[in-house]
């Protein structure tokens, strides 16, 4: 079974009530440190007050969770779990014998095919979602990346499912990528085949397919065979020890990818000499490496002068005797350039000097500017300016009707 467009169809208000009920009235887990009303307000802000830009216009997501939102999976899971609890706990004889779900894809086994539509109707009646389903064809059905075959003796046989549109394109061995990443590509494919395949015949078919695709991606045959063999040996060994040994895992972040293996081997020797585990327990060291961001490879100026700063929300405070007028604006240029622009028409600061002080601003106005906020993203910058305008209510902006319209989307 599949849910049509789950994320964008989740009802916000109902799901927030479900979340609050579960997190603040759980049988065993303590409630969060935030009070209930604060969490409720935050959830509404993050879902119903989310602005986005399309064709030069700003909109807000009023219902359903935005695609790509970090809250999407959380809201979807709470809502789906609530529906499942209502239906699956009523002990109805038409309910499925087996039910397992991954986000919006569900694998269900019924006693009778006639029960499928009854179950689907109940799901639709208690939710705002639409459901589709697919029956097995010739005793085969695909669920995610698993090909499932129902055998005559009542057993299930599992193999790796590959879509007909799959081109077998992996990381190319000749690409400028660390060798460790290339080896991990092989290990991951072997690991998936081992975990999914229910017998050695299906596993062998998948390994042959993987090998051919890797060769097509310029992986050396000898490296492929060597890595498959070592990965399979480790998987079989770990599978045997899994039920008898408790693993204690230590994680170590390596600072240099080229030295990662050497550092790991040295640490293993240190741990072996100085730490003894009790029977039934095994110490495992996992090292990992976080690649540097491109920006960190270039030198940056540690400090910028006030005028050299860009992408800022700034404030002007008039220094003329007896005048406390202020102005708030934003600029993506340097503040130096923006301060120079304010000396001339049609700047509102210039108009303020002409109308209220009967003079033109000179270079001394540069001492009247300060930075309120810095933002890299243009829309964050506009939003920050709007919030500052609303909070500070600068006299010059109000006088010349230059308040931002950006927050009108929230009205």
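In my numbering, the protein residues as written are 3 to 413. We put the CB at the ideal spot given by N, CA and C, even for glycine.
Residue 290 is positioned such that its CB atom lies no closer than 8 Å to that of residue 259. According to the DSSP assignment, residue 161 belongs to the beta strand (DSSP E) that extends over 158-162.
DSSP places residue 393 in the helix class (H, G or I) of the three-state scheme.
The distance from the Cβ of residue 330 to that of residue 376 is about 14 Å, inconsistent with a contact at the 8 Å cut-off. Nearest Cα to residue 364 within the set 374, 402, 352 and 358: 352.
Secondary structure note for residue 286: its beta strand (DSSP E) is the uninterrupted segment 283-291. Between the segment 190-201 and the segment 151-170 there are three or more inter-stretch CB-CB distances shorter than 8 Å, so the stretches are counted as touching. Distance check between residue 53 and each of 67, 235 and 41 places 67 closest, using alpha-carbon atoms only. Beyond the five residues adjoining it in sequence on each side, residue 21 comes within less than 6 Å, by CB distance, of 80 in the same chain, given in chain order. Closest in C-alpha terms to residue 140, from the list 261, 152, 213 and 399, comes 152. Nearest in C-alpha terms to residue 316, of all of 322, 366 and 386, is 386. DSSP places residue 347 in the coil class of the three-state scheme, outside both helix and strand. Taking residue 118 as reference, the option from 95, 180 and 131 with the minimal CA-CA separation is 95.
Under DSSP, the beta-bridge partners assigned to residue 330 are 317. When the beta-carbon positions are compared, residue 50 and residue 59 stay at least 8 Å from each other. Assigned with DSSP and collapsed to three states, residue 378 falls in coil, not helix or strand. Beta-bridge partners of residue 151 (DSSP): 142 and 159. The beta carbon of residue 405 lies closer than 7 Å to those of 391 and 399 in the same chain, with the five residues before and after it left out. A straight-line Cα-Cα distance of about 52 Å links residue 271 and residue 90. Take residue 205, set aside five residues on each side of it, and the residues of its chain with a beta-carbon closer than 7 Å to its own are 195, 196 and 199, in chain order. For residue 101, the enclosing beta strand (DSSP E) starts and ends at 100-104. When secondary structure is reduced to three states using DSSP, residue 5 falls in the strand class. Assigned with DSSP and collapsed to three states, residue 75 falls in helix.
Using a C-beta cut-off of 8 Å, the segment 215-223 makes contact with the segment 173-188, since at least three inter-stretch Cβ pairs fall below that distance. Distance from the CA atom of residue 110 to the CA atom of residue 12, rounded to whole angstroms, is 22 Å.
Collapsing the DSSP output to three states places residue 213 in a helix. Per the C-alpha coordinates, the member of 335, 287, 295 and 325 positioned closest to residue 309 is 335.
Sequence-distant partners of residue 158 (beyond 5 residues in either direction) whose C-beta falls short of 8 Å from its own C-beta, in its chain, are 150, 151, 152 and 200. Beyond the five residues adjoining it in sequence on each side, residue 97 comes within less than 8 Å, by CB distance, of 89, 90, 117 and 121 in the same chain, given in chain order. In the same chain as residue 333, and ignoring 5 residues on each side of it, the C-beta atoms closer than 6 Å to its own belong to 340, in chain order.
Residue pairing from DSSP leaves residue 85 without any beta-bridge partner. About 6 Å separates the beta carbons of residue 371 and residue 337, which is inside the 8 Å limit, making them a contact pair. For the options 278, 378, 322 and 369, the alpha carbon positioned closest to that of residue 359 is the one of 322. Going by DSSP, residue 253 is part of the beta strand (DSSP E) stretching over 248-256.
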